[in-house]
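If you read the protein sequences in the order shown, they are chains P and F.
The first sequence maps to residues 1 to 362 in full-length UniProt numbering.
The second sequence maps to residues 1 to 191 in full-length UniProt numbering.
Glycine included, every Cβ here is placed at the ideal spot set by N, Cα and C.
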Amino acid sequence: MGSNIEGSRVQFRSGNGGSKPSEMGFGLEEFPGPVSVTQQPPGSSFTALLELPAPQAVELLVNSPDAAANEESQPKPCITGSGEVPSYFHPPPPIFPSDIGLIVRASKFSVFASAENSNNSSLFNSNSNKLDMVKQEPSDSDSNPNSSSLATSDQNPNSTKRKEREKKVKDSHRKSKKVIPNKASEDSGEKLPCVHVRARRGQATDSHSLAERARREKINARMKLLQELVPGCNKISGTAVVLDEIINHVQALQRQVEFLSMRLAAANPRIDYNLDALLAAESGSLVDGSIAGMSTSSLWPDAQHNGNRQQYNQMWHFDGLHQPVLGREEDNRNFITSENSLISYDSSANSASLHSSQLKMV
Amino acid sequence: MKARTGYSTSLKQEFLKKWIKGIRIYSNFKKDMNILERKKAIKLSADLAIASTRNASTRWSRTLTANISKNETNKIFVEQIFSDSEVIKKEAPSRLMARSNRIASKKIWRRSHITQIKARKMGPYAVKARSIAKKLVKNRTKVLKSLVPGGENMDGISLIKETLDYIVSLRVQVDVMRRLASAAENSTRSL
């Protein structure tokens, strides 16, 4: 199971190093891994990508109980007294408990009426708030088997509810095949205006709980995406902690923007830098890459010599931005920066002179 | 795969173009800015540029543009850059407010009712733990809403979506800015 989760995770995070800033941008587009790009306007393509991974993520949620378990954790009632809140959200690996759970479930399966279940799930479902991704709502497939099963074994003997929940969980985990059609119907429901949710075995069928469950699954799927996106969130289980990480990340990014703009302001007495260069290239071409590319390729043999290359610089500078896309080896050289970047550079000898000529021009 | 690889890169290029364009307009507006003004101009152009890459399809981009346009001087600047009418004012917040209020009141009743039932059936510990966790999540959601522009009135699902989009765009912004900054610094250093 562990390897399955890793595999499914890798699918999403294939390019996402997380730590290196230069990689981040390129790694990002890899994360909707198994999904194909749809024909949508570029402005909304990202959100379109989000829509598609969501059902897939949901499927992954179903198939990877570990991931699911990591997302939701039931509070262990025995720990409640000590006030260790964080421990709620770090359930032990679900492998062995699921076996226990299966046994418990098998024993209890025929005993409890579904009426109790409906009561149970409606309670949990209706408790969900706007952004209620609280982990104690295990009536979905996303609930964790481990703590619930453990809880049943030690705690309240009258916790028929918990057993019911656990039963549902086992249903979803073991009978993933059964669940996937449910998910599929729910997924298709997500894309349509009205949600068609099939009730799983032993679960409530009233519209409220179904809607709540669909909603909660949507939220969980998206949260999973967020976890993939924010570096370092994969190992964490529990919404509150993940949200914490997300908040930190957003704050850090915003702060970085501030610092960087300050840095840029300080670096140059005038903020025109490559403006003329870019705009000369930009105004001259509709499809920037092609026209600029053509001019650079013809001028490229001269690149090695210093000299009056001002007009060349203009083209090349802008062209260098596009070359990584077109993947042309020669054009990847550029004169803006010597570090590994969008605009990669080739020979340092040229850089100094070109920097000066290019960036000084006003 | 190629489409996806190109997407982020083209996003960066788009952002860079718009950003430089904005800076240029700003500097034409006002010659000889001191460092703080420059920084403000840079940041403003960057924010506008990254918001415009979304073509007003997301809430945060609309809010960001609207917030910048609130300032009168900026407004002219904004309209100059985005003469291609990307600046859409924020849509009817009142409608969403009403809906969220209704939802909130219904949920308050439900919550109080449910807690009683749960306390009876589940035992006190679990309910308390549940409510603690919920409180935590709610607090953090509030913080997140304050961070993401335009996040105040959104419900959970859209908030996450917006956050995702916002994070991606922020990353693009930071990435391009960082490269430009180090390029500029390299140039001044090598002189």
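Item to check | Contact list for the segment 174-186 of chain F against chain P, Cβ threshold 9 Å | outcome: Val174, Asp175, Val176, Met177, Arg178, Arg179, Leu180, Ala181, Ser182, Ala183, Ala184, Glu185 and Asn186
Next on the checklist: Quick check: what's the CA-CA separation for F:Ile50 versus F:Lys17?
Outcome noted: Near 10 Å, if we compare the C-alpha coordinates of F:Lys17 and F:Ile50.
Item to check | Whole-angstrom distance between P:Thr239 and F:Thr141, CA atom to CA atom | outcome: 10 Å
Next on the checklist: One question on the structure: do F:Gly144 and P:Ile236 come within less than 8 Å of each other, judged by their Cβ atoms?
Outcome noted: What sits at residue 144 of chain F in the sequence shown is Leu, not Gly. No; because the gap between Cβ atoms is not below 8 Å, this pair is not in contact.
Item to check | Reference F:Ala104, options F:Ala133, F:Lys31 and F:Asn153, closest by Cα | outcome: F:Asn153
Next on the checklist: In whole angstroms, give me the CA-to-CA distance for P:Asn268 and F:Ser45.
Outcome noted: 16 Å
Item to check | Neighbour flag for F:Leu48 against chain P, beta carbons, 8 Å | outcome: No, F:Leu48 does not count as interfacial toward chain P.
Checklist entry - Quick one, which residues of the segment 240-254 of chain P are near chain F if we go by CB-CB under 8 Å, in chain order? => result Ala240, Leu243, Asp244, Ile246, Ile247, His249, Val250, Gln251, Leu253 and Gln254
Next on the checklist: Counting only Cβ-Cβ distances shorter than 8 Å, please list the residues of the segment 136-160 of chain F near chain P, keeping chain order.
Outcome noted: Leu136, Val137, Lys138, Arg140, Thr141, Val143, Leu144, Leu147, Val148, Asp155, Gly156, Ile157, Leu159 and Ile160
Next on the checklist: Check whether chain F comes within 8 Å of P:Asn234, counting only Cβ atoms and requiring the distance to be less than that.
Outcome noted: no
Checklist entry - In this structure, does DSSP put residue 203 of chain F in helix, strand or coil? => result Shown here, chain F extends from 1 to 191; a query on residue 203 of chain F therefore has no answer.
Checklist entry - For P:Glu258, which residues in chain F fall below 8 Å Cβ to Cβ? => result Lys43
Checklist entry - Beta-carbon of F:Thr63 versus every beta-carbon of chain P: anything under 8 Å? => result No, because no Cβ of chain P sits closer than 8 Å to the Cβ of F:Thr63.
Checklist entry - Taking C-alpha atoms, which residue in P:Glu217, P:Glu212 and P:Arg263 lies nearest to F:Thr107? => result Going by the sequence as given, residue 107 of chain F is Lys instead of Thr. Checked all of P:Glu217, P:Glu212 and P:Arg263; the closest Cα to F:Lys107 is P:Glu212.
Checklist entry - So, is the C-beta of P:Arg263 closer than 8 Å to a C-beta in chain F? => result yes
Checklist entry - Is the segment 149-169 of chain F touching the segment 219-236 of chain P, taking contact as three or more C-beta pairs under 8 Å? => result Contact between the segment 149-169 of chain F and the segment 219-236 of chain P is present, with at least three C-beta pairs closer than 8 Å.
Checklist entry - Since F:Lys39 meets chain P, which of its residues come closer than 7 Å, beta carbon to beta carbon? => result Ser261, Met262 and Ala265
Item to check | Selection from F:Ser27, F:Ile68, F:Thr58 and F:Asp175 that minimises the alpha carbon distance to F:Gln13 | outcome: Restricting attention to F:Ser27, F:Ile68, F:Thr58 and F:Asp175, the CA atom closest to the CA of F:Gln13 is found in F:Asp175.
Checklist entry - What is the DSSP secondary structure of F:Gly6, reduced to helix, strand or coil? => result helix
Checklist entry - Which word fits P:Asn234, buried or exposed, when buried means at least 16 other C-beta atoms lie within 10 angstroms of its C-beta? => result buried
Item to check | Beta-carbon separation (whole angstroms), P:Leu229 vs F:Leu147, contact threshold 8 Å | outcome: With 8 Å as the limit, P:Leu229 and F:Leu147 do not qualify as a contact, their Cβ atoms being about 15 Å apart.
Item to check | Enclosing alpha helix (DSSP H) for F:Lys145 [first to last residue] | outcome: Pro124 to Leu147
Checklist entry - Can you tell me where the alpha helix (DSSP H) with F:Asp32 in it begins and where it stops? => result Taken as a continuous stretch (DSSP letters only), F:Asp32 belongs to no alpha helix (DSSP H), as it is neither H nor E.
Item to check | Three-state secondary structure (DSSP) of F:Glu152 | outcome: The DSSP-derived three-state label of F:Glu152 is coil.
Item to check | Coarse secondary structure for P:Asn334, derived from DSSP in three states | outcome: Interpretation of P:Asn334 is limited by its pLDDT of 39, a score under 50 that renders its predicted location unreliable; the figure taken from the coordinates is listed afterwards. Correct three-state label for P:Asn334: coil.
Item to check | Own chain residues within Cβ distance below 8 Å of P:Leu226, not counting five before or after | outcome: Cys233, Val242 and Ile246
Next on the checklist: At a CB distance below 8 Å, what residues from the segment 212-225 of chain P approach chain F? Give them in sequence order.
Outcome noted: Arg215, Lys218, Ile219, Arg222, Met223 and Leu225
Next on the checklist: Is there a Cβ of chain F sitting closer than 8 Å to that of residue 363 of chain P, yes or no?
Outcome noted: Lying outside 1 to 362, the shown extent of chain P, residue 363 of chain P is not represented and no answer is given.
Checklist entry - Is it the case that the Cβ atoms of residue 206 of chain F and P:Val257 are separated by a distance below 8 Å? => result Nothing about residue 206 of chain F can be read from this structure; chain F reaches only from 1 to 191.
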